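Trainee:
Numbering (this note's numbering), first residue to last: -19 to 345.
(1) Rounded to a whole number of angstroms, what is the C-alpha to C-alpha distance between residue 42 and residue 29?
(2) Does residue 40 come within less than 8 angstroms of chain C when only Cβ atoms are used?
(3) Of all the beta strand (DSSP E) runs that stay within the bounds of the stretch 26 to 93, which reach a length of 3 or more residues?
(4) So what does DSSP say about residue 333, is it helix, strand or coil?
(5) Could you tell me which of 304, 76, 12 sits nearest to residue 286, measuring between CA atoms?
(6) Could you pull the DSSP bridge partners for residue 263 from this structure?
(7) Do residue 47 and residue 330 come within 8 angstroms of each other at the CB atom, strictly closer than that value?
(8) Going by DSSP, name the residue or residues bridged to residue 157.
(9) List the residues that DSSP assigns as beta-bridge partners of residue 317.
(10) Based on DSSP bridge pairs, tell me the residues matched to residue 237.
(11) Please name the residue, chosen from 291, 69, 229, 179, that lies closest to residue 333 on a Cα-to-Cα basis.
(12) Just the C-alpha distance for residue 60 and residue 74, rounded to the nearest angstrom, thanks.
(13) Please indicate yes or no: does the CB of residue 136 lie closer than 7 angstroms to some heavy atom of the ligand GDP?
(14) Using a 10 Å radius around the Cβ and a threshold of 16 neighbouring Cβ atoms, would you call residue 309 buried or exposed?
(15) For the stretch 77 to 86 and the stretch 194 to 214, state whether three or more C-beta atom pairs, one from each stretch, are separated by less than 8 angstroms.
(16) Taking 8 angstroms as the threshold, find out whether the stretch 179 to 191 comes into contact with the stretch 152 to 163 through three or more Cβ pairs.
(17) Report the rounded CA-to-CA distance for residue 316 versus residue 159, giving the unit in angstroms.
(18) Count the other CB atoms within 10 Å of the CB of residue 237; is the residue buried (16 or more) or exposed (fewer)?
(19) Below 8 angstroms, can you find three or more Cβ-Cβ pairs linking the stretch 223 to 237 to the stretch 7 to 18?
(20) I need the straight-line Cα distance from residue 223 to residue 231, nearest angstrom please.
(21) If you count every other CB in all the chains shown that lies within 10 Å of the CB of residue 38, and 16 or more means buried, which is it?
(22) When you compare only the Cα positions, how much space is there between residue 92 and residue 301?
(23) Determine the direct distance from the alpha carbon of residue 242 to that of residue 250, and round the result to whole angstroms.
(24) Can you tell me whether residue 120 is buried or exposed, with buried defined as 16 or more other CB within 10 angstroms of its CB?
(25) Using 8 angstroms as the cut-off, can you tell me whether the stretch 96 to 109 makes contact with the stretch 124 to 143, which would need three or more C-beta pairs spanning the two stretches below that distance?
(26) For the putative contact between residue 341 and residue 321, defined by C-beta atoms under 8 angstroms, what is the C-beta separation to the nearest angstrom?
(27) I need the DSSP call for residue 194, collapsed to helix, strand or coil.
(28) On the premise that residue 255 lies in contact with residue 210, defined as a C-beta separation below 8 angstroms, what is that separation, rounded to the nearest angstrom?
(29) Between the C-alpha atoms of residue 58 and residue 281, what's the straight-line distance to the nearest angstrom?
(30) Measuring alpha carbon to alpha carbon, tell me which residue in 252, 276, 319 is nearest residue 32.
(31) If you reduce the DSSP assignment to three classes, tell me which class residue 131 lands in.
(32) Grab the span of the beta strand (DSSP E) containing residue 163 for me, first residue to last.
(33) Would you tell me roughly how many angstroms separate the C-alpha atoms of residue 149 and residue 339, rounded to the nearest one?
(34) Would you kindly work out how many angstroms separate the C-alpha atoms of residue 263 and residue 276, rounded to a whole number?
(35) Look at the Cβ atom of residue 140, then the Cβ atom of residue 190, and state whether they are nearer than 8 angstroms.
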């Protein structure tokens, strides 16, 4: 497969090398939106830009690279890396919100709650999957999704958008829980609005809604079958609900299936997921033009597929993709930042350091 090479290096290289192209302000932000492109390495960002589905990556003013090794492997997984971001502490593969000695860690949702900030989670996977789970759950093993769902239902997360309603409902109510509990009814008792499709989510009165759980699929969201389930629309809805808090908010948005398509080495389908992710980033960047106290970060949890871009075809400016694995790689991942505090996110750092810098902003220390 051949694609036209565009002249973008003079713009993109300074961002990945951590050069501060433009600084909006050095003040502490009130709110943070963190985008995680699961499995998205530097090559994935590059090819998105080359194929005109990554234009919003070019809108960032600062950035660098993240080293992703966990405590027990140079090749990390989503659980360990997301835990490092959520807690500032590195841990072992498969761990959710616990350290290498299996002690529970304080999570980003805890820090945000103590600061009086609202908290939101969006993902295109099940909401109990490893990456989102690490922001609200403590569990020794990432696959304990029924217990993770219970922890989410009792957590301080205010906006929950993703798939996986089977983990919240009992077997006799179209779910898979064996304990008979209907966690969504319990969440209604805690003043949550509960919705199951995009139309109902978008029609919510955002000005009067403070807590919502939108579980849009039995398990993971399938945007190929349900094109209306756009990450951009989910992001817009979450911002409208969260931004009413005068103390600010934290929102994590995951493009989960970039990783899944990279595992399968399905290049075109990966680009489809990258485009969906890019459009969501655009929503946040556009909103930031009206909110000068918002920091936006874009990163990944690891690289998947060992993707490289090689010269291909007969022209000097054409390239082709090549995969080296169906698993994760140890390659560094991109970090992009814009808005107040973005100067803290330049250069090269380990993934737990990224978490500590986010926590330091939320706790204002």
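Backbone N, C-alpha and C fix where the C-beta goes; we use that ideal spot for every residue, glycine too. Keep in mind that this is a model prediction, so the values were computed, not measured.
Mentor: According to the structure data:
(1) Pairing residue 42 with residue 29, the inter-Cα distance amounts to about 17 angstroms.
(2) The chain labelled as chain C is not found in the depicted structure, where only one protein chain is given.
(3) The DSSP assignment places complete beta strand (DSSP E) segments of no fewer than 3 residues inside the stretch 26 to 93 at 42 to 47, in order along the chain.
(4) In the three-state reduction of the DSSP assignment, residue 333 falls in the helix class.
(5) Here the closest residue by C-alpha is 304.
(6) Under DSSP, residue 263 shares a beta bridge with no residue.
(7) In this structure, residue 47 lies closer than 8 angstroms to residue 330 by Cβ.
(8) In the DSSP output, where bridge partners are listed per residue, residue 157 has 150.
(9) Partner(s): 42, 277.
(10) Looking at the DSSP assignment, residue 237 forms no beta bridge with any residue, so it has no partner.
(11) Cα-wise, what sits closest to residue 333 is 69.
(12) Separation of residue 60 and residue 74 (C-alpha to C-alpha, rounded to the nearest whole angstrom) is 6 angstroms.
(13) Looking at this structure, you won't find the ligand GDP or any other ligand, since it has none at all.
(14) The C-beta of residue 309 has 16 or more other C-beta atoms within 10 Å across all chains shown, which makes the residue buried.
(15) Remark: fewer than three beta-carbon pairs, one from each stretch, lie closer than 8 angstroms, so the stretch 77 to 86 and the stretch 194 to 214 are not flagged as touching.
(16) They do not touch, by the three-pair rule.
(17) Approximately 43 angstroms, taken between the alpha carbons.
(18) Residue environment analysis places residue 237 among the buried positions, since at least 16 neighbouring C-beta atoms fall within 10 angstroms of its C-beta.
(19) In short, these stretches touch, since the Cβ pair count reaches three.
(20) So the two alpha carbons sit approximately 10 angstroms from each other.
(21) Residue 38 is exposed by the Cβ-count criterion.
(22) Roughly 41 angstroms between the two C-alpha positions.
(23) Straight through space, the alpha carbons of residue 242 and residue 250 are spaced by roughly 6 angstroms.
(24) Counting Cβ neighbours within 10 Å, residue 120 comes out exposed, since fewer than 16 surround it.
(25) Because the criterion of three Cβ pairs below 8 angstroms is met, the stretch 96 to 109 and the stretch 124 to 143 touch.
(26) Your pair residue 341 and residue 321 checks out as a contact, with CB atoms roughly 6 angstroms apart and the cut at 8 angstroms.
(27) Note: residue 194 maps to strand in three-state DSSP.
(28) About 10 angstroms; that fails the 8 angstroms criterion.
(29) It is roughly 6 angstroms from the alpha-carbon of residue 58 to the alpha-carbon of residue 281.
(30) Per the Cα distances, 252.
(31) It is helical.
(32) No beta strand (DSSP E) holds residue 163; the alpha helix (DSSP H) holding it covers 163 to 169.
(33) Cα to Cα, the separation comes out at about 33 angstroms.
(34) Here the C-alpha atom of residue 263 lies approximately 11 angstroms from the C-alpha atom of residue 276.
(35) Contact flag unset, no.
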